[in-house]
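Below you'll find the structure, written out as structure tokens, and then a few comments.
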Amino acid sequence: MVMGIVNVTPDSFSDGGLFLQTDAAVAHGLELLGEGASILDVGGESTRPGAEPVAIDEEIFRVVPVIEQLSAHGRVSIDTRRAEVARAAVAAGATLINDVSAQLWPVAAELGVGWVAMHMQGEPATMQLDPVYTDVVAEVCAFLEQRATEAARAGVSEIWIDPGFGFGKTLEHNLTLLAHLDQVVALGWPVLVGTSRKATLGRILADSDGVAEPVNPQDRLAGSIASEVWAMHRGAAMIRAHDVRAAIQAAKVVAA
Ligand code: HH2
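Now the structure itself:
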């Protein structure tokens, strides 16, 4: 499955400002559904490294009209860290809470919707300053296992886990996690992976192209697909992607 990204934000790292108006976000979401997305992930707050938090009212104001319209056409998830935003989004038609803070399972249990637990070390504003792990795979797996078990106990019936590529992790941490993604999959919950256009890919491509600067997010399509194919092959059940059409084509070939 491919989860298509709809960022209703002025400052997302790869598409900030493109879909801030409701009409533009809805049109983009419909396009991604047409390309084959199984679910649309609507977000009103950038969690890119260094991003400042958005006021809760503003986040709700951004996402609710978009979710109201898109949920008439396909499944919608809400990408948020805030319980209030999750509630408003579910009232507007979202049926999955994509939670980069991995704290909102009680809200998912109460509302009877699905929940994604993503691993993040620290907070977006500071998470990339100095991420440290003794054993990144073991620590991320232990965290996800604990949160998913807690959510299952609370009665959440649809639980996803996500290692959180780029969230409080160096390039080496990200690659180690992808290399050992089978260990995350072995925990037994369906795994979501989001590598699309992320900075680690830009850095790898810079090195391989012999240029010093990371390649910009718009030039990371081939790198995104390569990492997504890897994740699919290692057992990820869903890929969170900006470039849905290309991810779906890659998934069809992997499946074949
Ligand atoms: N990555 C981003 C946001 N939400 N959710 C999950 N479950 N997994 C991810 O890897 C993930 C996520 C960051 O990407 P994007 O939404 O494109 O950027 P921004 O946070 O700048 O809006």
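Take 475 as the starting number for the sequence shown in the working numbering and just add one per residue. Glycine is no exception: its CB is placed at the ideal position from the N, C-alpha and C atoms.
Residue i: first and last residue of the uninterrupted alpha helix (DSSP H) it sits in
| i | result |
| --- | --- |
| aspartate 693 | It is not in any alpha helix (DSSP H) - aspartate 693 carries neither H nor E in the DSSP assignment. |
| valine 540 | 530-544 |
| valine 611 | 610-628 |
| alanine 721 | 718-729 |
| glycine 642 | Here glycine 642 belongs to no alpha helix (DSSP H), and DSSP marks it neither H nor E. |
| leucine 504 | 496-508 |
| leucine 578 | Premise fails: leucine 578 is in no alpha helix (DSSP H) and is neither H nor E. |
| alanine 562 | 557-566 |
Alpha-carbon to alpha-carbon, residue j and residue i
| i | j | result |
| --- | --- | --- |
| proline 605 | threonine 674 | 14 angstroms |
| methionine 475 | serine 512 | 6 angstroms |
| arginine 719 | leucine 506 | 8 angstroms |
| alanine 498 | methionine 712 | 25 angstroms |
| leucine 651 | valine 559 | 30 angstroms |
| serine 520 | aspartate 693 | 20 angstroms |
| phenylalanine 487 | histidine 716 | 11 angstroms |
| isoleucine 699 | proline 580 | 34 angstroms |
| leucine 661 | isoleucine 541 | 32 angstroms |
| proline 539 | glycine 508 | 20 angstroms |
| isoleucine 635 | leucine 570 | 13 angstroms |
| leucine 585 | alanine 622 | 17 angstroms |
| aspartate 656 | alanine 625 | 22 angstroms |
| alanine 686 | serine 701 | 21 angstroms |
| glycine 697 | alanine 725 | 15 angstroms |
| glutamine 723 | alanine 583 | 34 angstroms |
| valine 564 | threonine 608 | 38 angstroms |
| aspartate 485 | glycine 478 | 18 angstroms |
| valine 528 | valine 482 | 12 angstroms |
| alanine 653 | alanine 612 | 13 angstroms |
| valine 817 | glycine 668 | Lying outside 475 to 730, the shown extent of the chain, residue 817 is not represented and no answer is given. |
| alanine 710 | histidine 502 | 25 angstroms |
| serine 631 | alanine 680 | 42 angstroms |
| serine 670 | glycine 676 | 11 angstroms |
| methionine 592 | alanine 721 | 21 angstroms |
Residue from the options whose Cα sits closest to the Cα of residue i
| i | options | result |
| --- | --- | --- |
| valine 416 | Asn690, Val703 and Arg677 | Shown here, the chain extends from 475 to 730; a query on residue 416 therefore has no answer. |
| glutamate 619 | Leu645, Gly642 and Val590 | Val590 |
| serine 551 | Gly490, Asp489 and Ile633 | Ile633 |
| alanine 525 | Tyr607, Gln602, Met592 and Ser545 | Gln602 |
| glutamine 495 | Val537, Asp531 and Phe487 | Val537 |
| arginine 556 | Ile534, Glu613 and Leu645 | Ile534 |
| arginine 739 | Asp485, Pro484, Gly517 and Leu492 | Missing from the structure shown is residue 739; the chain here goes from 475 to 730 and no further. |
| glycine 490 | Leu645, Pro691, Pro637 and Ala628 | Pro691 |
| arginine 522 | Gly478, Val574 and His502 | Val574 |
| glycine 596 | Ala626, Gly668, Phe641 and Glu624 | Phe641 |
| alanine 628 | Ile722, Asp485 and Leu578 | Leu578 |
| leucine 645 | Pro688, Ala616 and Cys615 | Pro688 |
| glycine 638 | Ser631, Leu695, Asn572 and Ala583 | Asn572 |
| isoleucine 530 | Leu695, Arg561 and Gly510 | Arg561 |
| aspartate 658 | Val610, Arg671, Ala680 and Arg677 | Here residue 658 is valine; the residue named in the question, aspartate, does not match the sequence. Nearest option by C-alpha distance: Val610. |
| leucine 649 | Thr600, Ala705, Val665 and Glu532 | Ala705 |
| valine 587 | Gly567, Met594, Pro598 and Thr600 | Gly567 |
| leucine 695 | Arg708, His707 and Ile678 | Ile678 |
Segment limits, beta strand (DSSP E) that includes residue i
| i | result |
| --- | --- |
| glycine 517 | 513-517 |
| arginine 714 | 712-715 |
| alanine 591 | 588-592 |
| tryptophan 634 | 633-636 |
| glycine 478 | 476-481 |
| valine 550 | 550-553 |
| aspartate 656 | Note, aspartate 656: premise wrong, no beta strand (DSSP E); alpha helix (DSSP H) at 655-659. |
| aspartate 573 | 570-573 |
C-beta neighbour in chain B for residue i, strict 8 angstroms
| i | result |
| --- | --- |
| glutamine 602 | The structure shown contains no chain B; it is built from a single protein chain. |
beta-carbon residue i near ligand 2 non-hydrogen atom, thresh 7 angstroms
| i | result |
| --- | --- |
| histidine 647 | For the structure depicted, ligand 2 is absent and the ligand set comprises only ligand 1. |
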